[in-house]
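K.L.:
Structure provided below as structure tokens; questions to follow.
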Amino acid sequence: MFNQIFEELHTSIISHGGLKVDIESRFQECFSRKKDTVIRSFLWDVPGFRRWRVTRMDAGEKLQVLNSVAYPNYSNDQPILGIDLLWFGKKEKLVAVLDFQPLIQNDHYLKRYFEGLKELKKNYPDFYSNKEMNLYDSKKYFSPWVLFYIGDGSNLKYSLVEVFLDFLDKYWLLGTISTENYKKLSPIEVNKLQLSYDRYNAKIDPAHGLFKSYFGKQWADDFVQNFLFPNCLIGD
Ligand code: BLA
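Take the sequence shown: its position 21, counted from the start at 1, is 15 in the numbering used here, and no numbers get skipped.
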């Protein structure tokens, strides 16, 4: 599960000029104590972005994860790309969250950056489940058009790869929208908002507990603090 999406994501990053960045070996790959689970991470230097991370976790039938977050340069106030895909094989439960994560929620900003995502929602009504988020506040850094699916993964009417590729295409298009009649957020504001996105997520991310159970507390703290959300103390 997610192998094809993972390959497609990397191919797409490379075709947009992305170059792999070296990361500390302890984050590149880590095996669970039982050696039946592995987590691998990747960092990309992509034109227009200050950081693009990808994490893949393979716990076999129990759990598969593909998580990726792309932070645009501070001079670019476009939404953060957020991808969180989880497959609990034994239960056949899919959690799929794909969003252009808005830095702010005002109309001017949403109008500029969300036409594409809004269109997608019409094509994939299953991802408009009206399910409430339990952990996250859906009004904080999630867009009103977030593609969000929780449920029976064998029941999806369309392929997740197709949804993913459409979604990614729309995100790349954000870089080509005309700047006419739009007042951008300043780089200082973008910096502040991206940091606050990280602080919020570092605090709330359900992944920390998951990592602790597979890889131990020390590695989990280190990974969340120094790879997923650098510069944010957990519980900050
Ligand atoms: C849910 N994400 C989850 C859950 C886990 C993770 C374990 C709970 C699933 C469940 O039991 O139902 C896992 N999150 C991870 C992992 C990483 C991570 C492994 O960050 C890191 C490698 N989460 C994101 C991003 C988005 C996101 C970028 O990291 C947005 C696109 C959203 N994850 C998200 C949402 C839920 C979720 C909305 C559902 C939780 C809720 O209902 O509030």
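Quick reminder that beta carbons are idealized off the backbone N, C-alpha and C, glycines included. All figures in this text were calculated on a predicted structure; none of them were measured in a lab.
Arg20 CB to nearest chain C CB: under 8 Å?
P.N.:
Chain labels in this structure do not include chain C; a single protein chain is all it has.
K.L.:
Within the present structure, is the beta-carbon of Gly76 separated from the nearest heavy atom of the ligand BLA by less than 7 Å?
P.N.:
Answer for Gly76: yes, Cβ within range of the ligand BLA.
K.L.:
Could you check which residue in Lys14, Thr170, Gly145 and Asn195 has the C-alpha nearest to that of Asn225?
P.N.:
Of the listed residues, the one whose Cα sits closest to Asn225 is Asn195.
K.L.:
Tell me the DSSP bridge mates of Ala53?
P.N.:
Its beta-bridge partners are Leu57.
K.L.:
What does Gln95 pair with, by DSSP beta-bridge criteria?
P.N.:
According to DSSP, which records beta bridges pairwise, Gln95 is partnered with Ile74.
K.L.:
Which residue comes first and which comes last in the alpha helix (DSSP H) that contains Arg106?
P.N.:
From DSSP, the alpha helix (DSSP H) with Arg106 extends over Asp101 to Tyr107.
K.L.:
Tyr130 to Ser153, Cα distance in whole Å?
P.N.:
Taking the straight line joining both Cα atoms gives about 26 Å.
K.L.:
Expressed to the nearest angstrom, what Euclidean distance is found between the alpha-carbon atoms of Asp16 and Asp39?
P.N.:
Rounded to whole angstroms, Asp16 to Asp39 spans 10 Å at the Cα level.
K.L.:
Would His102 be called buried (16 or more neighbouring beta carbons within 10 Å of its own) or exposed?
P.N.:
By the neighbour-count rule (16 or more Cβ atoms within 10 Å), His102 is not buried but exposed.
K.L.:
Rounded C-beta distance between Lys56 and Lys14? I'm assuming under 8 Å.
P.N.:
About 29 Å; that fails the 8 Å criterion.
K.L.:
Straight-line CA distance for Asp199 to Asn185?
P.N.:
The alpha-carbon atoms of Asp199 and Asn185 are separated by roughly 21 Å.
K.L.:
Rounding to the nearest angstrom, what Cα-Cα distance links Ala201 and Ser26 in this structure?
P.N.:
Ala201 and Ser26: Cα-Cα distance of roughly 15 Å.
K.L.:
When DSSP labels each residue in this structure, what does Ser9 get in the three-state scheme?
P.N.:
In the structure shown, Ser9 sits in a helix (DSSP, three-state: H, G or I).
K.L.:
Is it right to say Gln212 is buried, meaning 16 or more other beta carbons lie within 10 angstroms of its own, or is it exposed?
P.N.:
Answer is exposed; the Cβ neighbour count stays below 16.
K.L.:
Any idea what DSSP makes of Val15, helix, strand or coil?
P.N.:
If DSSP states are grouped into helix, strand and coil, Val15 belongs with the strands.
K.L.:
Decide if Pro73 is buried, meaning its Cβ has at least 16 other Cβ atoms within 10 Å, or exposed.
P.N.:
The residue in question, Pro73, is buried, as its Cβ has 16 or more Cβ neighbours within 10 Å.
K.L.:
Taking the DSSP output, what are the residues bridged to Lys87?
P.N.:
Per DSSP, Phe82 and Asp146.
K.L.:
Please classify Glu1 as buried or exposed, where buried requires at least 16 neighbouring CB atoms within 10 angstroms.
P.N.:
Flag for Glu1 reads exposed.
K.L.:
Using a Cβ-Cβ cut-off of 6 Å (strictly less than) and excluding sequence neighbours within five positions of Lys29, which residues of its own chain qualify?
P.N.:
Excluding sequence neighbours, Lys29 sits near nothing in its chain.
K.L.:
Tell me the rounded alpha-carbon separation between Ser180 and Tyr107.
P.N.:
Going by the C-alpha atoms only, they are around 16 Å apart.
K.L.:
Compute the minimum distance between the beta carbon of Met(-5) and the heavy atoms of the ligand BLA, and state whether it is under 7 Å.
P.N.:
Outside the cutoff, so no.
K.L.:
Taking 8 Å as the cut-off, decide whether the C-beta atoms of Trp139 and Lys115 are in contact.
P.N.:
Their beta carbons are under 8 Å apart, which means Trp139 touches Lys115 by this criterion.
K.L.:
Within its chain, find whatever has a CB closer than 6 Å to the CB of Gln(-2); leave out the 5 residues flanking it on each side and keep chain order.
P.N.:
Excluding residues within five positions, the ones whose Cβ falls inside 6 Å are Val155.
K.L.:
Please confirm whether Phe43 and Leu92 have their CB atoms less than 8 Å apart.
P.N.:
Contact: no.
K.L.:
Rounded to a whole number of angstroms, what is the C-alpha to C-alpha distance between Arg34 and Cys24?
P.N.:
Cα to Cα, Arg34 sits roughly 7 Å from Cys24.
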